[in-house]
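**Q** Attaching a single structure in structure tokens format; questions to follow.
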Amino acid sequence: MRADYSIDIIIPVYNEEQNIPVLCEKLLELNLPFHKIILVNDGSSDSSLGICKELHAKNSLIEYISFSRNFGHQAALKAGYDYADADCVISMDGDMQHPVELIETLIAKWREGYDVVNTIRSDKEEKKIFKKYSSLYYYRLLSLITSVDIKQGTADFRLLDKKVVDICKKLGENPIFWRGIIPWLGFKQTFIGYTPQKRLYGTSKYTLKKMINLAWSGISSFSLLPLRIATFLGVIQIFFSACYFIYILLMYLLSNVEPGWSSIMIILLLTSGFQMCFLGILGEYVGKIFISEKNRPAYIVESSSIVKVINFGK
Ligand code: UDP
Ligand code: MG
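Under the working numbering, think of the first position of the sequence shown as 1, with each following residue one higher.
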């Protein structure tokens, strides 16, 4: 019997030549009503693009989009959402760490009526101590300084209903931090836990630099706290300068200090306090402009087997 719904799968691919054929085979074995499996080649330097093309030639369900260079995992997900048009869209990594078997559970939850089915990675089995604890404390910091409820261990393995994907298509934020944006969007959301499998082939494509960039993108897109710290420090400095101001004045009146010293100290202390304070305030506004004014596209497509579906409605 034909299913009354369709699924698109989006998979960011960065140097995953050995993993993608295995992943695609496992997905097709599930025998689900797939509309498209979209491989987003994020400027791979190995033969991933050639493999994507081969897979597409063998099976028309498998499509590919190829970037002009490496734009990053989050941009690859944006491209996936932009090109998807099924009733629900599932994003997952291309290294088999996200268990294929969980897809049926994601769909079951969606069929129950949830618009967003998130997954939460259990870090119990994580062998890399740095990754385990940096992730734990990062999410704690993020929930402390932002108003968005970003759950510890949120993964980019999730299902979105078509209506949520249509909103994702319209988001112009760049860089985008999906783990923050998705809870921010609202709708009916649920969470399911999973234990990540071992990467099938190759090593993690998230270098320390990429991890730091992602972490900073999360903080700077959802919090102005770092800028506020400057304002706060400026205010504290003004307070202490004012106290010192009184002390210097008393010293001037009651004892013999070097002429000129008191006035120079007062001017120095007060002006530097005000400078810090106003720099902080200025930073607040520059930060806002910085976040909203970057109109550069999140990615550039060099070649693809599909065309972008432009939603003119609504
Ligand atoms: N990835 C990507 N662009 C990048 C880095 C990673 O498209 O610049 C893809 C990668 O191929 C994989 C997913 O993003 O499908 C997650 O990356 P990885 O498995 O290396 O991250 P980890 O699991 O180590 O956090
Ligand atoms: Mg991985």
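The beta-carbon is built from N, C-alpha and C at its ideal position, and this holds for glycine as well.
These figures come from a predicted structure and were not determined experimentally.
#1: Looking only at its chain, what residues have a beta carbon closer than 7 Å to the beta carbon of residue 51, apart from the 5 residues adjacent to it on each side?
#2: Run the Cβ filter for me: residues under 7 Å from any heavy atom of the ligand FAD, listed in the order they occur in the chain.
#3: If you count every other CB in all the chains shown that lies within 10 Å of the CB of residue 149, and 16 or more means buried, which is it?
#4: Answer with buried or exposed for residue 314, where buried requires no fewer than 16 other C-beta atoms within 10 angstroms of its C-beta.
#5: In its own chain, which residues sit with a C-beta less than 6 Å from the C-beta of residue 317, not counting the 5 before and 5 after it?
#6: Rounded C-beta distance between residue 24 and residue 62? I'm assuming under 8 Å.
#7: On the DSSP bridge list, what partners appear for residue 160?
#8: For the pair the segment 223-230 and the segment 283-294, tell me if three or more CB-CB distances fall below 8 Å.
#9: When burial is assigned at 16 or more other CB atoms within 10 Å of the CB, is residue 121 buried or exposed?
#10: On the CB-based measure, 16 or more other CB atoms within 10 Å of its CB, does residue 273 come out buried or exposed?
#11: Give me whichever residues DSSP pairs with residue 13 in a beta bridge.
#12: Please classify residue 193: does DSSP put it in a helix, a strand, or coil?
#13: How should residue 14 be labelled, buried or exposed, when 16 other C-beta atoms within 10 angstroms of its C-beta is the threshold for buried?
#14: From this set, 236, 47, 176, which residue's C-alpha is nearest residue 76's C-alpha?
#15: Could you check how far apart the C-beta atoms of residue 168 and residue 247 are, in whole angstroms? I think they sit under 8 Å.
#16: Please report the straight-line C-alpha distance between residue 84 and residue 100, rounded to a whole angstrom.
#17: Is it right to say residue 4 is buried, meaning 16 or more other beta carbons lie within 10 angstroms of its own, or is it exposed?
#18: In the DSSP assignment, find the alpha helix (DSSP H) that holds residue 137 and state where it starts and stops.
#19: Helix, strand or coil for residue 35? Go by DSSP, reduced to three states.
#20: Give me the Cα-Cα distance between residue 301 and residue 66, rounded to the nearest whole angstrom.
#21: For residue 252, report the span of its beta strand (DSSP E) as first-last.
#22: Please identify the residue among 264, 244, 236 whose C-alpha is closest to the C-alpha of residue 280.
#23: Can you tell me which of the three DSSP states residue 149 falls into?
#24: Between the C-alpha atoms of residue 206 and residue 266, what's the straight-line distance to the nearest angstrom?
#25: Roughly how many angstroms lie between the CA atoms of residue 225 and residue 145, to the nearest whole one?
#26: Could you give the C-beta distance for residue 160 and residue 116, rounded to a whole number, given that I count them as a contact under 8 Å?
#27: Please tell me whether residue 38 and residue 27 are closer than 8 Å, where the distance is taken between their beta carbons.
**A** Quick answer:
#1: In the sequence shown, residue 51 corresponds to position 51, counting from 1. Apart from the 5 residues on each side of it in sequence, residue 51 sits with its Cβ closer than 7 Å to the Cβ of 17, 20, 21 in its chain, given in chain order.
#2: This structure simply doesn't include the ligand FAD; it includes the ligand UDP and the ligand MG instead.
#3: Start at 1 with the first residue of the sequence shown, and residue 149 comes out as number 149. Classification for residue 149: exposed.
#4: On the sequence shown, residue 314 is found 314 positions in, with the first residue counted as 1. Note that residue 314 scores 43 on pLDDT, short of 50, meaning its location in the model is unreliable; the coordinates nonetheless yield the value given after this. It is exposed - the Cβ of residue 314 has fewer than 16 other Cβ atoms within 10 Å.
#5: Given that the chain is displayed from residue 1 to residue 314, the structure contains no residue 317 and the question cannot be resolved.
#6: Looking up residue 24 in the sequence shown gives position 24. Looking up residue 62 in the sequence shown gives position 62. Yes, residue 24 and residue 62 are in contact; Cβ-Cβ is about 6 Å, under 8 Å.
#7: Working through the sequence shown from its first residue, we reach residue 160 at position 160. DSSP lists 89, 116 as partners of residue 160.
#8: Yes, they touch.
#9: In the sequence shown, the residue the question calls residue 121 occupies position 121. A residue is called buried once 16 or more other Cβ atoms fall within 10 Å of its Cβ, and residue 121 is buried on that count.
#10: On the sequence shown, residue 273 is found 273 positions in, with the first residue counted as 1. Buried is the call here.
#11: Numbered from its first residue, the sequence shown carries residue 13 at position 13. BP columns for residue 13 point to 41.
#12: As a working note, residue 193 is residue 193 in the sequence shown. The three-state secondary structure of residue 193, taken from DSSP, is strand.
#13: The sequence position of residue 14 within the sequence shown is 14, counting from 1. Under this definition residue 14 is a buried residue.
#14: For the purposes of this step, residue 76 is identified with residue 76 of the sequence shown, where counting begins at 1. Distance check between residue 76 and each of 236, 47, 176 places 176 closest, using alpha-carbon atoms only.
#15: The residue you call residue 168 lines up with position 168 of the sequence shown. The residue you call residue 247 lines up with position 247 of the sequence shown. No, residue 168 and residue 247 are not in contact; Cβ-Cβ is about 58 Å, not under 8 Å.
#16: Working through the sequence shown from its first residue, we reach residue 84 at position 84. Working through the sequence shown from its first residue, we reach residue 100 at position 100. Computed Cα separation, rounded: 19 Å.
#17: Along the sequence shown, read from residue 1 onward, the residue named residue 4 stands at position 4. The Cβ neighbour count for residue 4, taken over all protein chains shown within 10 Å, is under 16; the residue is labelled exposed.
#18: Working through the sequence shown from its first residue, we reach residue 137 at position 137. Membership of residue 137 in the alpha helix (DSSP H) is indicated by the continuous run 129-145.
#19: Locating residue 35 in the sequence shown gives position 35, where the first residue counts as 1. Three-state DSSP puts residue 35 in a strand.
#20: Translated into the one-based positions of the sequence shown, residue 301 becomes position 301. Translated into the one-based positions of the sequence shown, residue 66 becomes position 66. In this structure, the straight-line span from the alpha carbon of residue 301 to that of residue 66 is close to 6 Å.
#21: Sequence index remark: in the sequence shown, residue 252 carries index 252 (1-based). Element bounds for residue 252: not the beta strand (DSSP E) but the alpha helix (DSSP H), 225-254.
#22: Here residue 280 refers to the residue found at position 280 of the sequence shown. If we check each option's Cα against that of residue 280, 236 comes out closest.
#23: The residue labelled residue 149 in the question sits at position 149 within the sequence shown. Collapsing the DSSP output to three states places residue 149 in coil.
#24: Stepping through the sequence shown from its first residue, residue 206 is reached at position 206. Stepping through the sequence shown from its first residue, residue 266 is reached at position 266. Put simply, the backbone Cα of residue 206 is about 50 Å away from that of residue 266.
#25: By 1-based counting over the sequence shown, the position of residue 225 is 225. By 1-based counting over the sequence shown, the position of residue 145 is 145. CA-CA distance, residue 225 to residue 145, rounds to 7 Å.
#26: The residue labelled residue 160 in the question sits at position 160 within the sequence shown. The residue labelled residue 116 in the question sits at position 116 within the sequence shown. With 8 Å as the limit, residue 160 and residue 116 qualify as a contact, their Cβ atoms being about 6 Å apart.
#27: As a position in the sequence shown, residue 38 is number 38, starting the count at 1. As a position in the sequence shown, residue 27 is number 27, starting the count at 1. Not closer than 8 Å, so no.
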